[in-house]
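For the sequence shown, the numbering used here gives the first residue as 26, with consecutive numbering after it.
Step one of this worksheet: look at the structure below.
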Amino acid sequence: TISTPEEHSEHIWGAEVHIEASFADDRELKSYEVIVGDEAGSHDHDFNYEVSGTISGTSYEFHDHFTVPDSASMMRWVHFTVTDAEDKVTTQSWMLHFAE
Numbered sequence: 026t027i028s029t030p031e032e033h034s035e036h037i038w039g040a041e042v043h044i045e046a047s048f049a050d051d052r053e054l055k056s057y058e059v060i061v062g063d064e065a066g067s068h069d070h071d072f073n074y075e076v077s078g079t080i081s082g083t084s085y086e087f088h089d090h091f092t093v094p095d096s097a098s099m100m101r102w103v104h105f106t107v108t109d110a111e112d113k114v115t116t117q118s119w120m121l122h123f124a125e
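In C-alpha cells form, the structure reads like this:
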C-alpha cells in the first residue's frame, strides 16, 4: 500500500518528495527495492534514487525522501518491488509529474 505521494501528483523542480508505503505478506517478507525511473522500470540516473533492503516479518513500513532534480523529465514513475520469503515478487508503480 502506497500512502504518499499520491499517484499523478505534481512536484516542482528542487522540491523534496516524501515516500511512505506499507509492505505486507501473510507469511514472511524478504526484501524490497524502490526506484525512480521510466515507465518500464529502468533506473533514471538524473534522479539517482534507488534504495533496497532486506526485511523480515509479515509487515514493514517504508519511509524515505528524494529531491526532484532541476532538469527532471515531466513524468517519472516510482517503482516498488517487494519479494517475500518464498521469492514471490510483487511490483507497483506510481506515476508522478514534474515541472519548473
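C-beta atoms are modelled at their ideal positions from N, C-alpha and C, and glycine is treated no differently.
Just so we're clear, the structure is a prediction, and the values are computed from it rather than from any experiment.
**Item:** Coil, strand or helix - His122 by DSSP
**Value:** strand
**Request:** Please go through the region 78-125 and give each complete alpha helix (DSSP H) segment of 4 or more residues, from N-terminal end onward.
**Result:** none
**Message:** My output table needs one value for Tyr57: the three-state DSSP class, helix, strand or coil.
**Reply:** strand
**Asked** For the ligand PLP, is there a heavy atom less than 6 Å away from the beta-carbon of Ile60?
**Response** Looking at this structure, you won't find the ligand PLP or any other ligand, since it has none at all.
**Prompt:** Helix, strand or coil: which one does DSSP assign to His68?
**Reply:** strand
**Message:** Under 8 Å, with one C-beta from each stretch per pair, do the region 96-115 and the region 46-62 reach the 3-pair mark?
**Reply:** Judged by Cβ distances under 8 Å, the region 96-115 makes contact with the region 46-62, as three or more pairs qualify.
**Request:** Report yes if the C-beta distance between Ala124 and Ile44 is below 7 Å; otherwise report no.
**Result:** no
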